[in-house]
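Trainee: First residue of the sequence shown? That's 680 in the working numbering, and the numbers climb one at a time after it. Note that beta-carbon positions come from the ideal geometry of N, C-alpha and C, so glycine has one too. Following this message is one structure expressed as C-alpha coordinates.
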Amino acid sequence: MSIGKSLAKITKKINSKKSPLHPKGRKARLLSRATLREEKLNKKKLNHTAYKSDELMIVGFLQQIITEQSPYNTMDKFNDEEIELFIDTFINRDEDELQELKDNRRSGRPASKRQDSIELRMKSDLNLYKSGWDIPDLTDVDNVKLLRNWKGERGGITAIKFKTFKMKNQD
(Lines of atoms letter the chains of each structure in order from A and count residues from 1; the text may use other names and numbers.)
(Lines give C-alpha, C1' and ligand atoms only; values in the text may rest on other atoms or scores of the structure.)
Protein backbone atom coordinates (compact mmCIF):
# COMPACT_ATOMS: atom_id res chain seq x y z
CA MET A 1 0.00 0.00 0.00
CA SER A 2 1.47 3.35 -0.99
CA ILE A 3 1.78 6.17 1.50
CA GLY A 4 0.22 9.48 0.54
CA LYS A 5 3.00 12.04 0.39
CA SER A 6 1.13 15.26 -0.11
CA LEU A 7 0.53 17.46 2.88
CA ALA A 8 -3.16 17.84 2.08
CA LYS A 9 -3.75 14.06 2.13
CA ILE A 10 -1.91 13.59 5.40
CA THR A 11 -3.59 16.48 7.22
CA LYS A 12 -6.96 15.21 6.03
CA LYS A 13 -6.15 11.73 7.34
CA ILE A 14 -4.95 13.08 10.70
CA ASN A 15 -7.84 15.54 11.15
CA SER A 16 -10.38 12.78 10.61
CA LYS A 17 -9.29 11.18 13.90
CA LYS A 18 -10.73 12.58 17.11
CA SER A 19 -7.72 11.83 19.32
CA PRO A 20 -4.91 14.40 19.69
CA LEU A 21 -1.59 13.95 17.89
CA HIS A 22 1.30 12.68 20.04
CA PRO A 23 4.45 14.78 19.40
CA LYS A 24 6.74 11.76 18.96
CA GLY A 25 4.18 9.54 17.31
CA ARG A 26 4.21 7.96 13.88
CA LYS A 27 1.61 10.35 12.49
CA ALA A 28 3.50 13.40 13.76
CA ARG A 29 6.63 12.21 11.93
CA LEU A 30 4.54 11.60 8.83
CA LEU A 31 3.14 15.11 9.07
CA SER A 32 6.57 16.69 9.55
CA ARG A 33 8.02 14.78 6.57
CA ALA A 34 5.10 15.88 4.40
CA THR A 35 5.55 19.49 5.54
CA LEU A 36 9.28 19.43 4.74
CA ARG A 37 8.57 17.86 1.35
CA GLU A 38 5.98 20.54 0.58
CA GLU A 39 8.41 23.32 1.56
CA LYS A 40 11.19 21.79 -0.56
CA LEU A 41 8.90 21.49 -3.59
CA ASN A 42 7.68 25.08 -3.19
CA LYS A 43 11.27 26.31 -2.97
CA LYS A 44 12.23 24.41 -6.13
CA LYS A 45 9.16 25.72 -7.92
CA LEU A 46 10.02 29.30 -6.93
CA ASN A 47 13.62 28.92 -8.13
CA HIS A 48 12.47 27.39 -11.41
CA THR A 49 9.94 30.18 -11.98
CA ALA A 50 12.63 32.81 -11.32
CA TYR A 51 15.00 31.07 -13.73
CA LYS A 52 12.35 30.90 -16.44
CA SER A 53 11.38 34.56 -16.02
CA ASP A 54 15.06 35.57 -16.30
CA GLU A 55 15.32 33.41 -19.41
CA LEU A 56 12.28 35.14 -20.90
CA MET A 57 13.82 38.54 -20.17
CA ILE A 58 17.10 37.84 -22.00
CA VAL A 59 15.31 36.20 -24.94
CA GLY A 60 12.87 39.11 -25.22
CA PHE A 61 15.74 41.59 -25.03
CA LEU A 62 17.66 39.79 -27.77
CA GLN A 63 14.55 39.59 -29.93
CA GLN A 64 14.00 43.32 -29.54
CA ILE A 65 17.60 44.09 -30.54
CA ILE A 66 17.67 41.87 -33.64
CA THR A 67 14.26 43.01 -34.90
CA GLU A 68 14.21 46.73 -34.11
CA GLN A 69 17.75 48.13 -34.06
CA SER A 70 19.01 49.46 -37.35
CA PRO A 71 22.19 47.57 -38.22
CA TYR A 72 21.01 44.25 -36.77
CA ASN A 73 17.50 43.94 -38.19
CA THR A 74 18.81 43.06 -41.66
CA MET A 75 21.47 40.55 -40.57
CA ASP A 76 20.85 36.80 -40.96
CA LYS A 77 23.25 35.64 -38.25
CA PHE A 78 25.62 37.16 -35.74
CA ASN A 79 29.20 36.50 -34.69
CA ASP A 80 30.43 35.95 -31.13
CA GLU A 81 31.63 39.55 -30.68
CA GLU A 82 28.18 40.92 -31.49
CA ILE A 83 26.55 38.42 -29.14
CA GLU A 84 28.95 39.46 -26.36
CA LEU A 85 28.00 43.08 -27.05
CA PHE A 86 24.30 42.16 -26.73
CA ILE A 87 24.94 40.40 -23.42
CA ASP A 88 26.96 43.34 -22.05
CA THR A 89 24.17 45.69 -23.11
CA PHE A 90 21.63 43.49 -21.32
CA ILE A 91 23.68 43.36 -18.12
CA ASN A 92 24.21 47.14 -18.09
CA ARG A 93 20.71 48.10 -19.25
CA ASP A 94 19.95 50.02 -16.03
CA GLU A 95 23.37 51.66 -15.69
CA ASP A 96 21.97 55.17 -16.34
CA GLU A 97 19.29 54.80 -13.68
CA LEU A 98 21.84 53.41 -11.23
CA GLN A 99 24.17 56.34 -11.82
CA GLU A 100 21.28 58.78 -11.38
CA LEU A 101 20.31 57.13 -8.09
CA LYS A 102 23.92 57.36 -6.88
CA ASP A 103 24.14 61.03 -7.87
CA ASN A 104 20.86 61.98 -6.18
CA ARG A 105 21.73 60.27 -2.90
CA ARG A 106 23.20 62.52 -0.24
CA SER A 107 26.60 61.55 1.07
CA GLY A 108 26.54 59.42 4.18
CA ARG A 109 23.05 58.08 3.44
CA PRO A 110 22.39 54.41 2.75
CA ALA A 111 21.53 53.26 -0.75
CA SER A 112 17.88 53.10 -1.75
CA LYS A 113 16.09 49.79 -2.23
CA ARG A 114 15.92 50.37 -5.97
CA GLN A 115 19.67 50.98 -6.13
CA ASP A 116 20.35 47.84 -4.11
CA SER A 117 18.06 45.75 -6.32
CA ILE A 118 19.68 47.04 -9.53
CA GLU A 119 23.18 46.37 -8.18
CA LEU A 120 22.16 42.89 -7.01
CA ARG A 121 20.58 42.05 -10.38
CA MET A 122 23.62 43.32 -12.29
CA LYS A 123 25.94 41.30 -10.05
CA SER A 124 23.89 38.12 -10.45
CA ASP A 125 23.70 38.59 -14.24
CA LEU A 126 27.46 39.10 -14.37
CA ASN A 127 28.08 35.97 -12.27
CA LEU A 128 25.74 34.03 -14.54
CA TYR A 129 27.65 35.28 -17.58
CA LYS A 130 30.98 34.32 -16.00
CA SER A 131 29.80 30.79 -15.22
CA GLY A 132 28.02 30.31 -18.56
CA TRP A 133 24.75 31.78 -19.76
CA ASP A 134 22.34 29.86 -21.97
CA ILE A 135 21.01 32.26 -24.58
CA PRO A 136 19.52 31.71 -28.04
CA ASP A 137 22.11 30.64 -30.61
CA LEU A 138 22.30 33.67 -32.88
CA THR A 139 25.06 32.13 -35.01
CA ASP A 140 22.47 29.89 -36.70
CA VAL A 141 20.36 31.43 -39.49
CA ASP A 142 17.25 29.33 -38.81
CA ASN A 143 17.43 30.08 -35.10
CA VAL A 144 17.57 33.84 -35.78
CA LYS A 145 14.44 33.52 -37.93
CA LEU A 146 12.68 31.61 -35.15
CA LEU A 147 13.67 34.25 -32.61
CA ARG A 148 12.44 37.10 -34.82
CA ASN A 149 9.05 35.36 -35.22
CA TRP A 150 8.77 34.41 -31.53
CA LYS A 151 5.60 35.81 -29.94
CA GLY A 152 6.93 36.16 -26.39
CA GLU A 153 5.38 33.01 -24.94
CA ARG A 154 7.13 30.36 -22.88
CA GLY A 155 5.98 27.56 -25.14
CA GLY A 156 7.66 29.12 -28.15
CA ILE A 157 11.07 29.03 -26.51
CA THR A 158 11.27 25.25 -26.85
CA ALA A 159 11.70 25.54 -30.62
CA ILE A 160 14.68 27.88 -30.22
CA LYS A 161 18.14 26.34 -29.84
CA PHE A 162 20.23 27.69 -26.98
CA LYS A 163 23.99 27.98 -26.65
CA THR A 164 26.10 28.60 -23.55
CA PHE A 165 28.16 31.78 -23.64
CA LYS A 166 30.88 32.51 -21.09
CA MET A 167 32.73 35.72 -20.42
CA LYS A 168 36.10 35.46 -22.15
CA ASN A 169 38.20 37.88 -20.10
CA GLN A 170 37.15 37.28 -16.50
CA ASP A 171 39.06 39.97 -14.63
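Distance check for Ala-707 and Arg-772, CA to CA, integer angstroms please.
Mentor: 51 angstroms
Trainee: In chain order, what residues of the same chain lie with their CB nearer than 6 angstroms to the CB of Gly-835, ignoring the 5 residues before and after it?
Mentor: Cβ neighbours of Gly-835 within its own chain (closer than 6 angstroms, five residues either side excluded): Trp-829.
Trainee: Could you check the C-alpha separation between Arg-800 and Lys-703 for me, to the nearest Å?
Mentor: 44 angstroms
Trainee: Kindly identify the DSSP beta-bridge partner or partners of Phe-769.
Mentor: The partner list for Phe-769 (beta bridge, DSSP) is empty, contrary to what the question assumes.
Trainee: Can you tell me which of Ile-839, Pro-750, Arg-827 and Glu-718 puts its alpha carbon nearest to the alpha carbon of Pro-815?
Mentor: The option with the nearest alpha carbon to Pro-815 is Ile-839.
Trainee: Taking the C-alpha atoms as reference points, what is the distance between Lys-692 and Asp-733?
Mentor: 40 angstroms
Trainee: Write down every uninterrupted run of the beta strand (DSSP E) in the region 754 to 842 whose length is 3 residues or greater and which is fully enclosed by it, in chain order.
Mentor: 812 to 815
Trainee: How big is the Cα-Cα spacing for Ile-737 and Lys-847?
Mentor: 19 angstroms
Trainee: Give the straight-line distance between the Cα atoms of Lys-724 and Tyr-730, rounded to the nearest whole angstrom.
Mentor: 10 angstroms
Trainee: In whole angstroms, what is the alpha-carbon distance linking Leu-686 and Lys-719?
Mentor: A straight line joining the alpha-carbon of Leu-686 with that of Lys-719 spans about 12 angstroms.
Trainee: For Arg-793, which residues of its own chain have a beta-carbon under 7 angstroms away from its beta-carbon, when the five flanking residues on both sides are left out?
Mentor: Leu-780
Trainee: Check this for me: beta carbons of Phe-765 and Trp-812, under 7 angstroms apart or not?
Mentor: no
Trainee: Would you decide whether Gln-742 is buried or exposed? Buried here means 16 or more other CB atoms lie within 10 Å of its CB.
Mentor: Buried is the label assigned to Gln-742, since at least 16 other Cβ atoms lie within 10 Å of its Cβ.
Trainee: Should Asp-782 go down as buried or exposed, given a rule of 16 or more other Cβ atoms within 10 Å for buried?
Mentor: exposed
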